[in-house]
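Each remark here refers to the structure printed beneath this line.
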């Protein structure tokens, strides 16, 4: 998926690891699982908030063995860790709220990729549905 995404929209602005946001060696955040972010509108890079250095991070996601049920493996690999989610909520939420207080718009409405917007509207609906 990453190679395809990079062909379509370029390289990510940032790649983070869940252990960046963890504080407990035995906790759910102390895993190796790169997450790429393609950010727009001046959104800042996420800052590390945890105390872990990655040396004890588990490879459970990367080295996960195939399962009988492909859905089980997909769900396990797409798991999002709580420390990462909290960092996003705090840091990017604060960024947006700061701009709102200042009366500025950090992400103005813009069509970043016009080549991916259909040239015609889908049929079957009325203008009232839009």
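Numbering (UniProt numbering), first residue to last: 1 to 130. Virtual Cβ for every residue (Gly too), placed ideally from N, Cα, C. Being a predicted model, the structure only gives us computed values, none of them experimental.
Item: Taking Cβ to Cβ, would you say residue 195 is nearer than 7 Å to residue 22?; Value: No statement about residue 195 is possible, as the shown extent of the chain runs from 1 to 130 and does not include it.
Item: Using DSSP with H/G/I as helix, E/B as strand and the rest coil, what is residue 96?; Value: helix
Item: Taking all protein chains shown into account, decide if residue 30 is buried (16 or more other Cβ within 10 angstroms of its Cβ) or exposed.; Value: buried
Item: Leaving aside the five residues before and after residue 18 along the sequence, list all residues of the same chain whose C-beta is less than 6 Å from its C-beta, in chain order.; Value: 29, 31, 33, 81 and 84
Item: Would residue 5 be called buried (16 or more neighbouring beta carbons within 10 Å of its own) or exposed?; Value: exposed
Item: With a threshold of 16 other CB atoms inside 10 Å of the CB of residue 125, please say whether the residue is buried or exposed.; Value: Unreliable positioning characterises residue 125 in this predicted model, as indicated by a pLDDT of 48, which lies under 50. A coordinate reading is not provided.
Item: Give the C-beta separation of residue 67 and residue 36 to the nearest angstrom, bearing in mind that I take them to be a contact with Cβ-Cβ under 8 Å.; Value: In fact, because the Cβ distance is near 24 Å, the residues do not count as touching under 8 Å.
Item: When DSSP labels each residue in this structure, what does residue 38 get in the three-state scheme?; Value: coil
Item: Would DSSP call residue 91 helix, strand or coil?; Value: helix
Item: On the DSSP letters alone, give me the boundaries of the beta strand (DSSP E) that residue 15 sits inside.; Value: 14–16
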